[in-house]
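Heads up, the thing below is written out as structure tokens.
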Amino acid sequence: MIPTGDLNALKGQLFCLDSATVFAVLDGASVPNLPASLDLYRPEHTCLLRGVVSPDMVHVAPYLVALERNAPFTDWLLLNGWGKNWGIFGISRRDLRALKRHFRRWVHIEHDGRPMYFRFYDPTVLRNYLPTCNAEELSTFFGPVRLFLFEDEDPETVHLFLLRQNVLQLRVVPLRDSAERGMADELADSFAVEPSREPTGTPALRPEQLKQLGQSIYVARMRRYLQDVFPETKAMPRKTLEQLIEELTERATGYKLVLETHVAPFIVAALILGMNFEDKYPVAQEVLLDYEMDCGRKTEWLWDFIEVTAVGSEDRQ
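The numbers in full-length UniProt numbering rise by one with no breaks, and the one at position 88 of the sequence shown is 88.
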């Protein structure tokens with residue numbers, strides 16, 4: 001739960017224009033019992049899945065919710081959900097009905113001619129997706145939206161994405177920095193421009209775009225894992241740690257370790273036993289080069305080897 005001062009600052013960024021529609025797209029799979037909270041507080045809302053939603057999907061579906069500055073639901077959402085990847089926020093000149101038409105197109109997209117779910121309402125996904133878009137894709141995705149706002153991995157930081165003249169602009173500001181007046185001034189020009197005509201058809205992701213998005217999400221997830229396991233890595237610049245992850249992942253791939261669960265022990269071994277541990281310990285290189293060994297067994301062997309070797313090193317010291 002965020003402090004009241006942070007709540008007011010966050011509201012200052014969201015409710016910076018009197019004439020705007022402020023909304024959230026919330027992930028039912030992340031928000032505990034979201035339908036019950038919507039029934040309790042009764043904000044204007046709609047499910048983004050089309051047709052009759054089956055009972056097993058009601059609690060995991062995405063929901064579009066209109067937010068009001070002094071409404072109890074808004075306080076409940078920001079106080080309890082900020083920092084937990086519950087969803088994304090935005091500002092638009094259109095009403096909830098128009099936003100529903102827009103966002104429903106993005107729940108299901110195409111890749112290589114096949115339909116797939118697109119969890120754009122996950123802050124981790126959107127944070128990594130938007131920079132992969134070209135000008136046309138940005139215009140299509142933003143549509144009637146003038147600003148997207150959501151948490152960084154560090155909940156003390158806010159990401160603000162604006163689209164001005166089809167150029168993506170990112171503002172990264174501290175949560176406590178209200179900057180309400182400045183944000184209103186920045187959005188004023190954008191609100192004066194009428195959004196382009198609503199597109200038709202099913203949105204699609206380019207193969208290289210999907211690959212880049214997947215890689216970015218993987219690196220971010222691996223970085224958070226390493227920061228939990230090795231607290232000292234939190235002191236490393238984010239870019240430095242991500243480059244290290246990419247380099248070690250590429251090396252692991254050379255040993256046919258491609259799944260995330262297979263790459264993780266290789267990276268951990270490098271951090272504990274030394275960056276070139278397979279050269280330092282010939283037995284490790286022998287196992288890694290044994291391409292007839294199942295990768296699952298190889299992973300188990302690596303974890304055991306790390307434990308035994310690390311304990312042995314401590315005993316010798």
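C-beta atoms are modelled at their ideal positions from N, C-alpha and C, and glycine is treated no differently.
As assigned by DSSP and simplified to three states, the class of residue i
i           : result
residue 388 : Residue 388 is absent from the model: the chain starts at 1 and stops at 317.
H59         : coil
D315        : In this predicted model, D315 has a pLDDT of only 46, less than 50, meaning its place in the structure is not dependable; the value taken from the coordinates is given anyway. Helix, per DSSP.
G143        : coil
R181        : In this prediction, R181 scores a pLDDT of 49, lower than 50, which makes its location untrustworthy; the coordinate-derived value is nonetheless stated afterwards. DSSP places R181 in helix when its eight states are reduced to three.
I306        : helix
G254        : helix
F266        : helix
T202        : coil
E44         : coil
A284        : helix
residue 318 : The structure shown has nothing for residue 318, since the chain only spans 1 to 317.
F148        : strand
A36         : helix
E110        : strand
G296        : helix
F120        : coil
G90         : strand
Residue from the options whose Cα sits closest to the Cα of residue i
i    : options                   : result
P131 : I267, I217 and A310       : I217
E232 : L271, E137, V287 and M57  : L271
K84  : T4, G28, Q243 and D294    : G28
D112 : H262, P237, L205 and L170 : L205
V22  : L49, R297 and N70         : N70
T157 : Y225, P174 and L170       : P174
E147 : G254, L79, E250 and I88   : In the sequence on display, residue 147 carries Leu and not Glu. Measuring from the Cα of L147, the nearest candidate turns out to be I88.
F141 : W303, L38 and Y121        : Y121
V167 : V219, S139 and L160       : S139
L79  : R105, I2, P155 and R104   : I2
L38  : F73, I109 and Q169        : F73
R221 : T253, E242, K280 and H108 : E242
A269 : E300, R171 and T240       : E300
A264 : R223, M293, K280 and R105 : R223
R105 : K211, R50 and P55         : R50
A20  : V145, R114 and A135       : V145
Rounded C-alpha distance that separates residue i from residue j
i           : j    : result
P43         : L67  : 7 Å
F305        : A284 : 8 Å
E151        : L126 : 11 Å
A310        : G90  : 48 Å
residue 318 : P282 : Here the chain covers residues 1 to 317 and nothing more, so residue 318 does not appear.
I245        : Q215 : 11 Å
R316        : E278 : Residue confidence is low: R316 scores 46 on pLDDT, short of 50, so the model does not pin down where it sits. No coordinate-derived value is stated.
T4          : R93  : 28 Å
A36         : G81  : 15 Å
D228        : L40  : 36 Å
L273        : L77  : 44 Å
C133        : L99  : 20 Å
N33         : H262 : 34 Å
L257        : L213 : 20 Å
L7          : V31  : 19 Å
residue 321 : F15  : Limits of the chain in this structure are 1 at one end and 317 at the other, which puts residue 321 out of reach.
L96         : E153 : 28 Å
R164        : F230 : 40 Å
M275        : R251 : 11 Å
Q13         : D290 : 56 Å
residue 318 : E137 : Lying outside 1 to 317, the shown extent of the chain, residue 318 is not represented and no answer is given.
G143        : H102 : 7 Å
P123        : I267 : 26 Å
M116        : Q209 : 14 Å
V52         : H45  : 16 Å
K161        : L48  : In the sequence as displayed, the identity of residue 161 is Phe instead of Lys. Each residue's alpha carbon lies about 22 Å from the other.
K239        : Y225 : 15 Å
E307        : M236 : 25 Å
F118        : N128 : 13 Å
P203        : V287 : 45 Å
Q169        : M293 : 48 Å
For residue i, the first and last residue of its enclosing beta strand (DSSP E)
i    : result
R164 : T157 to R164
V53  : From DSSP, V53 is part of no beta strand (DSSP E); its letter is neither H nor E.
V167 : V167 to P174
M116 : R114 to Y117
G214 : Per DSSP, G214 belongs to no beta strand (DSSP E); it is in the alpha helix (DSSP H), P207 to V229.
S19  : Looking at the DSSP string, S19 is not in any beta strand (DSSP E), and its letter there is neither H nor E.
Continuous alpha helix (DSSP H) stretch holding residue i: start and end
i    : result
L10  : T4 to L14
R105 : L96 to V107
S30  : It is not in any alpha helix (DSSP H) - S30 carries neither H nor E in the DSSP assignment.
Quiz item: With a cut-off of 8 Å, do at least 3 Cβ pairs link the region 51-66 to the region 9-27?
Solution: yes
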